[in-house]
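Chemist:
In my numbering, the protein residues as written are 10 to 259.
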């Protein structure tokens, strides 16, 4: 926010610190690295004894603003990214649920696995060099903060067993977490309009915490039960490789 206020004031005031500015819309793939993307059948989102992220290949959408300085090719960079990653297919939410009632093999079950949404906001430097009007290169780096959101997971089971109806709902809700983050990357500039690049993002380490909501209802003795419990699992180290195509907006 301080950077945005400073930059806006400088541009509107005609401050000679900045020669010109440009902005890019980036989109591409987010490829989990290290423990965040290790192949596993469990992860810290569901198993309190795990440190694995269990993240699958995901997508990225981001915005990059560059205010060029008087130094040729050097600019101050501000980025906002959104990275979505689902869980790997071998991770089954229902495997980590205490169902609190008997055999549910005959019930219709629907599951929704939790998934990751990371939104890092960073400030840094970008250097670009154009060999010709058609081709150039860029390198960049930045640091800031990542906001990690985990979309809820749930298990729902309902049906009739031996004349008794069951309606069961179990939901995981996660607390947003914030951590120091940084990025480094580079790539090619085509026709001064399109960029193709690869960046490494380290989004820090933060614990998995939240609460679970449980509800169970049956027609046997008209019984219903519901409660909520907090959980605090181990920490997840989040890092990923982004492969992106950028389009210059101005």
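In this text, a Cβ means the ideal position worked out from N, Cα and C, and glycines have one as well.
1. Taking the Cβ atom as the reference point for each residue, do residue 175 and residue 220 lie within a distance shorter than 8 Å?
2. Could you name the residues of the same chain whose beta carbon sits closer than 6 Å to that of residue 236, not counting the 5 residues immediately before and after it, in chain order?
3. So, does the stretch 252-259 touch the stretch 45-58, judging by three or more C-beta pairs under 8 Å?
4. Measuring alpha carbon to alpha carbon, tell me which residue in 147, 186, 65 is nearest residue 124.
5. Closest to residue 91 by CA distance: which of 241, 202, 242, 212 is it?
6. Based on the DSSP secondary-structure assignment, which residues constitute the bridge partners of residue 186?
7. Using 8 Å as the limit for Cβ to Cβ distance, is residue 187 near chain C?
8. Just tell me which of 146, 188, 243, 88 has its CA closest to the CA of residue 72.
9. Within 10 angstroms of its Cβ, does residue 171 collect 16 or more other Cβ (buried), or is it exposed?
10. What does residue 202 pair with, by DSSP beta-bridge criteria?
11. What are the boundary residues of the beta strand (DSSP E) that includes residue 122?
12. Could you tell me the distance, in whole angstroms, from the CA atom of residue 39 to the CA atom of residue 193?
13. Tell me residue 149's beta-bridge partners as DSSP assigns them.
14. According to DSSP, is residue 65 part of a helix, a strand, or is it coil?
15. What's the call for residue 41, buried or exposed, on a 16-neighbour Cβ count within 10 Å?
16. Return the Cβ separation of residue 227 and residue 173 in integer angstroms, given the expectation that the two are a contact with Cβ distance under 8 Å.
17. Can you tell me which of the three DSSP states residue 169 falls into?
18. Can you tell me where the beta strand (DSSP E) holding residue 233 begins and where it ends?
19. I need the DSSP call for residue 140, collapsed to helix, strand or coil.
20. With DSSP as the reference, please indicate the residues paired to residue 180 in a beta bridge.
21. For the beta strand (DSSP E) holding residue 83, just list the boundary residues, first then last.
22. Tell me whether residue 133 is buried or exposed, calling it buried when 16 or more other Cβ atoms sit within 10 Å of its Cβ.
23. If you draw a straight line from the alpha carbon of residue 248 to that of residue 53, how long is it in whole angstroms?
24. Indicate whether residue 180 and residue 163 have their beta-carbon atoms separated by less than 8 Å.
Modeler: Once the coordinates are examined:
1. At a Cβ-Cβ threshold of 8 Å, residue 175 and residue 220 do not count as neighbours.
2. Leaving aside the five residues that flank residue 236 on each side, the residues in its chain whose CB is nearer than 6 Å to its CB run, in chain order, 223.
3. In this structure the stretch 252-259 does not lie against the stretch 45-58, because fewer than three pairs of beta carbons, one per stretch, are closer than 8 Å.
4. Its Cα nearest to that of residue 124, the residue 65 stands out among 147, 186, 65.
5. Ranking 241, 202, 242, 212 by Cα distance to residue 91 puts 212 first.
6. Residue 186 pairs with 157.
7. Included in the structure is just one protein chain, with no chain C present.
8. The residue with the shortest Cα to Cα distance from residue 72 is 88.
9. That one is exposed.
10. As far as DSSP is concerned, residue 202 takes part in no beta bridge.
11. No beta strand (DSSP E) holds residue 122; DSSP gives it neither H nor E.
12. If you draw a straight line from the Cα of residue 39 to the Cα of residue 193, it is about 14 Å long.
13. 135, 194.
14. Three-state result, residue 65: coil.
15. With 16 or more other Cβ atoms from the protein chains shown falling within 10 Å of its own Cβ, residue 41 counts as buried.
16. The C-beta distance from residue 227 to residue 173 rounds to 6 Å, short enough to fall under 8 Å.
17. Correct three-state label for residue 169: strand.
18. Run containing residue 233: 232-257, per the beta strand (DSSP E) assignment.
19. Three-state DSSP puts residue 140 in coil, outside helix and strand.
20. BP columns for residue 180 point to 163, 222.
21. Note, residue 83: beta strand (DSSP E), 83-94.
22. Its Cβ being crowded by 16 or more others within 10 Å, residue 133 is buried.
23. Cα-Cα distance, rounded: 15 Å.
24. Yes, they are a contact pair.
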